[in-house]
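K.L.:
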Amino acid sequence: MIALQTPVSHDIAVWVAGLLGMADNWLFHAIGMLVVASAVLILVVTPVGLGGVYLERKLAGRMQNRRGPNRVGPYGLLQTLADGVKLLAKEDIIRRGTDEVLFRLAPYVVFFTAFAGFVVLPFGPGLLAADLDVGIFFFLSMIGLETIGIVMAGWSSNNKWSLLGSMREVAQVISYELPLGIAAMCTVLAAGTMSIQGIVDYQEGGIFSWMILRNGYWAIVMVPCFLVFYVSALAAAKRAPFDLPEAESELVAGFHTEYSGMRFGMFFLPEYALMLSLSGITTALFLGGYHDPFGMSSVGGMFHGVWWWGVGWFFLKATFLFLSQIALRWTLPRLRIDQVMYLSYKVLLPISMVCLVVTALLRLIP
Amino acid sequence: MTTEIQGVKLDEAERSTPVLPRDISTDELVFNMGPQHPSTHGVLRVVMRTDGEVVLGCQPLIGNLHRCCEKILENLTYVQGLPYVDRMDYLAALNMEIGLVLAVERAAEIEVPKRAQYLRVIMCELNRVISHLFSAGQFGLDMGAFTPFLYMFREREEGISVINEVTGGRLLYHYIRYGGVTRDVSKDWLGKVLKFCDRVESHMDEYNNLLTYNHIFLKRSAGVALIDRETCLRFGVTGPVLRGAGVKRDMRKDMPYSSYEDFDFDLVTAPCDEGVVGDAWNRHRVRLLEILESIRIIRQAVEKLPDTEIAHKKVTRGWKAPPGEAYVASEAPRGEISCYFVSDGGKFPYRARMRGPSFYNISVITQTCRGLLIGDMIALLGSVDITLGEVDR
C-alpha cells in the first residue's frame, strides 16, 4: 500500500531510482520525480478530460432530445478520440499577417497551465503529484497564467473578433480571480494552511467536518463562500453563462477563431481540463476532498488510507460539480459583458469579503 | 466628409459625436460582421464601427442572396413563376405564395372557393407557427441559450411534417395556386393539425420558463435595443417588430384577405409585462403570443371548413391574365408582404413587384444600433428577425 501523505510520484521515483541503483543521487531523484509526476498526470488527466468531453456531449444530447454521440465505439465512447484523430489530420492554417511565434506558442501555454493545476490536486490519500506549501496560490496563479496564453492567441491572430474575445477573457478572469481568491482564503483561514493536502486533512471525519458544513454553524459562512467560489470558477473556466470570450453568436469563436486542426484541439481539451481541475479544487476546499461523508476514511476508520475509497469519493463529488456545470451551460443564456463585471465587483466580491471577515471571527471561537 | 473602409463609405459627421463621454482618446474599430458570421441569419454583412465593445454605427450590406426573383417572374409563365416566390422568405414559403397569388387573383378577378380560402388560412397559419417557433428559438440561440432552440425545433419539425403530408414539401411547398390550392385534405389530416396545435400550446409554458422569463434572458433583452413607434413608422417596419413597438397593425385585421374576417382572433401588441414597449423582449413575446393566436385561427378554420371544391378552374400552362393591375397586402410572419402586380394580357406577368417585410425591417438597425454593446447588437439583429432570402429577393 502506498504510504500515507507521501506524494505518489515521490514513491515511484524512489522505486525507479532504487531499481537503477541511483537511490542516493539527489539530482536523478528530483528529475525522476518531475518526469514521473508529469507522466502520471498526463496519463490520468487526459483520459479524464476526454471522458469529460464525452460526458458533456452525451448529457447535452439527453437534455436536448437528442442521442448524443453513439456511432464510434460502444455507446459512442470513442467519439472524442475519433475527433482528436480528425483534428490531427486536419490542415494547420496560419493566416498571413499573424504573429507566428506567439500564434504557435499560445496553445501550449494554455494547455500547460490548464494541466498544471492538477499538480496540487489530491485525488486520494497520498495520490497527489506535489504537496506544495502554497498549493492554493499555485493553483490560482495557473488560472491567471492561462489568460496570458489566451491574450497571445487573440493578439497574434490578426483578427478583431479574436482580439475582442481575448480582451473579454482578460477582463473576466481578472475580475473573477478576486472573489475566487478571497473565497479560497476563507478556507485557508479556517484550516490554517495553504497546502491543499493540509486543507483536505483538516476536513477528515464525516460530513460535519467538511468545510461547507463544519460543526454545523460554519455553514452560515461557508455555504455563501462555496457559492461564490463555484460561480467564480465557472467564470474562470469560461463556462456558460460566462462564455463571453468565445461567445459563438457574438464573436464567431472568440480568441480561437483563427485556429484550426490540432492547435484548436489544444484550446479545446484544456477547457475541460480546467473545468475538471476547478471541480476538483472546489471538492478539495469545501466538500471534504477525498473523505467520505461517514467518517470511514478518517484515522481509525474502516477505509483509512485505502486509496480507491478516497479516489472514488473524490471523483464522485468532482463529477457531480462537473455535471452541474454542464447542466448550467445547456440551460442558461449568456450574460452581457457589463453584467459579468457587475456580478463580479458588486455581488460576489462584497459577499466574499464579508465571508472572509466572518470566517476570521469564527476562528476566534475555539 | 466620408471615409471609405473596406469599400464602405462612413459618414464623418456621425463619427464625431461620441456615444459615451471619454477621458482618454481611443481608436475606433471597424468590424466586418458577416457574411459568414453565425448571428447574421444568413448572408447578411454588417459593417460596424465600434469603440471597444460599444457600437457607434453600422451599415447592413445586402445583396449576397439576390436571385432576381422579380425579374424571373416577368420572364416565366404564371405557372412556372409561382414556385420562385417560395424562395424569398424560405421560412414562411406559404405566406410568400399567398402574397403573389392574391394580387394576381385580384387583377384577373378569379373567384376562390371558400374551402380553398380556409385551407390557405390553415396552411398560412401553420407556417406562421413554425416560422415564429424558429424565430423565437433563433433569438434564444443568439442570446446563448442553445437548448430552447432545439425544443422549439422539435415542435417545428412536427409542424413541417403535418404540412408535408399535404403539400409534399418540407420547406418550399408550392401549394397555393392561382384560383385555389393544389390538393384537398382529409379528415384524418385535420385531426393531425389539431394535435399539432395542442402540442405547441402544451409546450408554451416550457418555452416561457426556459427562455422568455429566464432571469438572464430578461436581463439581456428587456429594455434593450429599443425601436420606438416613430422610428418603426418612419422606416416602414411591419410585423412583430411594429407590434412589439405598440402599433396595432396587422393586415389580417386591417385589410382581411382569404376570409380572415370569418375568424375571431386578437391582434397582439407589446404585452409589456416585462421591459418597455419596443424592446427586444417584447418583440420576442409578441411572436410567442402570435403563435397562440394562430392556433386559435387554425382551430376555427378546421371546425368551419366548408365542403366545397378547392379550385373553380385550373390555371394551366397557357393561361394569360387579362390586362389590369392590383396591389394586395398580406401578413407574413415577419411583416407585411405585398405585391403590386401588372398584367398586359401576355403570357408572362408584366410586373410583379414584391414588398418584403425583412427588407424594411433591417433598415432600422442603422438607426437603432448606436450606443449598443456588441452583445446587444446581436439581440437587435436576432429580435428584428430577418430572412436574407427575402431581403435580397
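These protein sequences, in sequence, are chains A and B.
All residue numbers for the first sequence refer to this note's numbering, where the first residue is 199 and numbers rise by one.
All residue numbers for the second sequence refer to this note's numbering, where the first residue is 1314 and numbers rise by one.
Idealized CB from N, CA, C, for every residue including glycine.
Please read all numbers here as calculations on a predicted model, not as lab measurements.
1. Expressed to the nearest angstrom, what Euclidean distance is found between the alpha-carbon atoms of Leu554/A and Pro548/A?
2. Tell me whether Gly295/A sits in a helix, a strand or coil according to DSSP, three-state version.
3. Quick check on Met261/A - is its C-beta less than 8 Å from some C-beta in chain B?
4. Quick check for students: name the residue ranges of the alpha helix (DSSP H) that lie wholly in the segment 384–444 of chain A, counting only runs of 4 or more.
5. Taking the beta carbon of Met500/A as the centre, do at least 16 other beta carbons fall within 10 Å, making it buried, or is it exposed?
6. Can you give the beta carbon distance from Met464/A to Val308/A, rounded, assuming they're within the 8 Å contact cut?
7. Here's a check: name, in chain order, each residue in its chain whose Cβ is nearer than 6 Å to the Cβ of Ala417/A, leaving out the five neighbours to either side.
8. For the alpha helix (DSSP H) containing Met473/A, list its first residue and its last residue.
9. Taking DSSP as the reference, what is the three-state secondary structure of Ile372/A?
10. So for Gly1457/B, helix, strand or coil by DSSP?
11. Going along chain A, which residues have a C-beta under 8 Å from Asn1527/B?
12. Any contact between the segment 1672–1683 of chain B and the segment 1578–1590 of chain B? By contact I mean 3 or more CB pairs, one from each, below 8 Å.
13. I'd like to confirm the pairing. Which residues does DSSP put opposite Val1343/B in its beta bridges?
14. Less than 8 Å between CB atoms is the rule here; does Arg1467/B satisfy it with respect to chain A?
15. Counting only Cβ pairs nearer than 8 Å, list the residues of chain A close to Lys1532/B.
16. Can you check the segment 1381–1450 of chain B for any alpha helix (DSSP H) of at least 4 residues that lies completely inside it and give the ranges in chain order?
17. Residues of chain B with a CB under 7 Å from the CB of Val438/A: which are they?
18. Is there a C-beta anywhere in chain A that falls below 8 Å from the one on Gly1355/B?
19. For a cutoff of 8 Å on Cβ pairs, would you count Glu1587/B as touching chain A?
20. When Cβ atoms are compared, which residues of the segment 1363–1382 of chain B fall closer than 9 Å to chain A?
21. Does the Cβ of Met1314/B have 16 or more other Cβ atoms within 10 Å, making it buried, or fewer, making it exposed?
22. Where His1354/B and Val318/A are concerned, what is the direct C-alpha to C-alpha distance, given to the nearest angstrom?
23. Residues of chain A with CB closer than 7 Å to the CB of Leu1693/B, please, in chain order.
24. Are the segment 439–454 of chain A and the segment 359–370 of chain A touching, with three or more C-beta to C-beta distances below 8 Å?
25. In the DSSP output, what is Ala1642/B paired with across the bridge?
26. At a CB-CB cut-off below 7 Å, which residues of chain B make contact with Ser447/A?
27. Closer than 7 Å by beta-carbon distance: list the chain B residues that pair up with Val450/A, in chain order.
28. Alpha helix (DSSP H) containing Pro1373/B: first to last residue?
29. Sorted by chain position, which residues of the same chain lie with C-beta nearer than 8 Å to Ile563/A's C-beta, five sequence neighbours on each side aside?
30. I need the boundaries of the alpha helix (DSSP H) containing Arg1512/B, first residue and last residue.
31. Please report how far the alpha carbon of Leu1701/B lies from the alpha carbon of Leu519/A, in whole angstroms.
32. Hey, could you find the ends of the alpha helix (DSSP H) Met1690/B is sitting in?
33. Using a Cβ cut-off of 7 Å, pull out every chain A residue sitting near Gly1688/B, in sequence order please.
34. Note down the Cα distance separating Gly259/A from Ala1624/B, rounded to an integer number of angstroms.
35. Can you round the beta-carbon distance between Glu1410/B and Asp1399/B to whole angstroms, since I take them to be within the 8 Å contact cut?
36. Can you confirm whether Lys544/A, when its beta carbon is compared against all beta carbons of chain B, has any partner nearer than 8 Å?
P.N.:
This is what the structure holds:
1. Stepping through the first sequence from its first residue, residue 554/A is reached at position 356. Stepping through the first sequence from its first residue, residue 548/A is reached at position 350. If I take the Cα positions, the gap works out to 10 Å.
2. As a position in the first sequence, residue 295/A is number 97, starting the count at 1. Secondary structure at Gly295/A: coil, using DSSP grouped into helix, strand and coil.
3. The residue labelled residue 261/A in the question sits at position 63 within the first sequence. Answer yes: the Cβ-Cβ gap between Met261/A and chain B drops below 8 Å somewhere.
4. Fully enclosed alpha helix (DSSP H) runs of no fewer than 4 residues occupy 394–400, 417–434 of the segment 384–444 of chain A, in order along the chain.
5. Along the first sequence, read from residue 1 onward, the residue named residue 500/A stands at position 302. Met500/A should be labelled exposed.
6. Within the first sequence, residue 464/A is the residue found at index 266, counting from 1. Within the first sequence, residue 308/A is the residue found at index 110, counting from 1. In this structure, Met464/A and Val308/A form a Cβ contact; the two beta carbons are roughly 7 Å apart against a cut-off of 8 Å.
7. Within the first sequence, residue 417/A is the residue found at index 219, counting from 1. The beta carbon of Ala417/A is closer than 6 Å to those of Leu411 in its chain, skipping five residues each way along the sequence.
8. To locate residue 473/A, count along the first sequence from 1; it is residue 275. Annotation for Met473/A: the continuous alpha helix (DSSP H) segment containing it runs 459–484.
9. Taking the first residue of the first sequence as position 1, residue 372/A is located at position 174. Helix at Ile372/A.
10. Locating residue 1457/B in the second sequence gives position 144, counting from the first residue. Three-state result, Gly1457/B: coil.
11. If you number the second sequence from 1, residue 1527/B lands on position 214. Chain A residues near Asn1527/B: Leu530, Pro531.
12. The segment 1672–1683 of chain B, when compared against the segment 1578–1590 of chain B, does not touch it at the 8 Å Cβ threshold.
13. As a working mapping, residue 1343/B is identified with position 30 in the second sequence. Answer by DSSP bridge pairing, in chain order: Arg1362/B.
14. Taking the second sequence and counting its residues from 1, one reaches residue 1467/B at position 154. Interface residue, yes.
15. Looking up residue 1532/B in the second sequence gives position 219. Simply Leu533, Arg534, Gln537.
16. The qualifying runs are 1382–1387, 1391–1399, 1406–1421.
17. Taking the first residue of the first sequence as 1, we reach residue 438/A at position 240. In the sequence as presented, Val is not what sits at residue 438/A; that position holds Ala. Contacts between Ala438/A and chain B, judged by CB atoms closer than 7 Å, involve Gly1457 in chain order.
18. Taking the second sequence and counting its residues from 1, the one referred to as residue 1355/B is at position 42. Taking Cβ atoms only, chain A never reaches closer than 8 Å to Gly1355/B, which makes this a no.
19. The residue labelled residue 1587/B in the question sits at position 274 within the second sequence. Answer no: the Cβ-Cβ gap between Glu1587/B and chain A never drops below 8 Å.
20. Within the segment 1363–1382 of chain B, contact with chain A at the beta-carbon level (separation under 9 Å) is assigned to Thr1363, Gly1365, Glu1366.
21. Indexing the second sequence from 1 puts residue 1314/B at position 1. Because Met1314/B carries a pLDDT of 42, less than 50, the predicted location of this residue cannot be relied on, and no value is offered for it.
22. What you label residue 1354/B is simply residue 41 of the second sequence in a count that begins at 1. What you label residue 318/A is simply residue 120 of the first sequence in a count that begins at 1. Taking the CA atoms as reference points, His1354/B sits about 46 Å from Val318/A.
23. Position 380 of the second sequence, counting from 1, holds the residue named residue 1693/B. Per Cβ cutoff of 7 Å: no residues; Leu1693/B is ~12 Å from chain A at best.
24. Touching, yes, given that three or more Cβ pairs across the two stretches are closer than 8 Å.
25. Here residue 1642/B refers to the residue found at position 329 of the second sequence. Ala1642/B is bridged to Ser1651/B.
26. Here residue 447/A refers to the residue found at position 249 of the first sequence. Those within 7 Å of Ser447/A in chain B are Pro1351, Ser1352, Leu1454, Asp1455, Gly1457, Ile1691.
27. On the first sequence, residue 450/A is found 252 positions in, with the first residue counted as 1. Think of a sphere of 7 Å around the beta carbon of Val450/A: the chain B residues whose beta carbon falls inside it are His1350, Pro1351, in chain order.
28. Working through the second sequence from its first residue, we reach residue 1373/B at position 60. Note, Pro1373/B: premise wrong, no alpha helix (DSSP H); beta strand (DSSP E) at 1367–1374.
29. Position 365 of the first sequence, counted from the start, is the residue given in the question as residue 563/A. Cβ within range, chain order: n/a, list empty.
30. Reading the second sequence from its first residue, position 199 is the one you call residue 1512/B. Annotation for Arg1512/B: the continuous alpha helix (DSSP H) segment containing it runs 1500–1520.
31. Along the second sequence, one-based indexing puts residue 1701/B at 388. Along the first sequence, one-based indexing puts residue 519/A at 321. Cα-Cα distance, rounded: 42 Å.
32. On the second sequence, position 377 is the one that residue 1690/B refers to. If you look at Met1690/B, you'll find it in the alpha helix (DSSP H) that goes 1687–1697.
33. Residue 1688/B sits at position 375 when you count from the first residue of the second sequence. Within chain A, the residues near Gly1688/B are Glu448, Arg534, Ile535.
34. Here residue 259/A refers to the residue found at position 61 of the first sequence. Here residue 1624/B refers to the residue found at position 311 of the second sequence. If you take the alpha carbons of Gly259/A and Ala1624/B, they lie about 46 Å apart.
35. As a position in the second sequence, residue 1410/B is number 97, starting the count at 1. As a position in the second sequence, residue 1399/B is number 86, starting the count at 1. Glu1410/B to Asp1399/B, Cβ: 6 Å. Contact.
36. The count along the first sequence starts at 1 and reaches residue 544/A at position 346. Judged by the 8 Å Cβ criterion, Lys544/A is not in contact with chain B.
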